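Visitor: In my numbering, the protein residues as written are 158 to 272.
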């Protein structure tokens, strides 16, 4: 048990487990880039579904949250990318998701924030 804040009320400490990780492909940015016509949430859905495929013993309702590192979010990426991708991938509505934009530090921030 650990204590939360100054109230002294105990909270349960849980083990943090990272099961697996994937990333989207990347290429040149801009209109001439290979993924210029591809929506960011479509790429993320493929990642989430691949994680579920590779880990069939992990029930989707045991996923605590979806953290997405997405640099320079514009246009359709300006949605709540992590949440949108989680829902489109078929995860339960109870699974929250969010996106982090910290340039090169985004992936590390996603990992440390969810831990």
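From the three backbone atoms N, C-alpha and C, an ideal C-beta is built for every residue, glycine too. The structure displayed is predicted, hence computed values, not measured ones.
Report the rounded CA-to-CA distance for residue 263 versus residue 167, giving the unit in angstroms.
Guide: Using only the alpha carbons, I get a separation of about 32 Å.
Visitor: I need the DSSP call for residue 225, collapsed to helix, strand or coil.
Guide: In this structure, residue 225 counts as strand in the three-state DSSP scheme.
Visitor: So, under 8 Å CB-CB, residue 254 and residue 223 are touching, yes? Tell me the CB distance rounded to an integer number of Å.
Guide: Residue 254 to residue 223, Cβ: 4 Å. Contact.
Visitor: Can you list, in chain order, the residues of its chain whose CB lies under 7 Å from that of residue 212, leaving out five sequence neighbours each side?
Guide: These residues qualify, in order along the chain: 176, 177.
Visitor: Are residue 246 and residue 209 closer than 9 Å when you measure CB to CB?
Guide: Yes, these two residues count as a Cβ contact at 9 Å.
Visitor: Work out the CA separation of residue 185 and residue 171 for me, nearest whole Å.
Guide: Roughly 41 Å separates the two Cα atoms.
Visitor: Less than 9 Å between the C-beta atoms of residue 203 and residue 181, yes or no?
Guide: Contact: yes.
Visitor: Would you grab the beta carbon distance between residue 242 and residue 191 for me? Rounded to a whole angstrom, and I think it's under 8 Å.
Guide: 20 Å between Cβ atoms; not a contact.
Visitor: In terms of residues, what are the limits of the alpha helix (DSSP H) holding residue 254?
Guide: Note, residue 254: premise wrong, no alpha helix (DSSP H); beta strand (DSSP E) at 254-257.
Visitor: Over the uninterrupted alpha helix (DSSP H) stretch that includes residue 207, give me the two end residues.
Guide: Here the alpha helix (DSSP H) through residue 207 covers 197-211.
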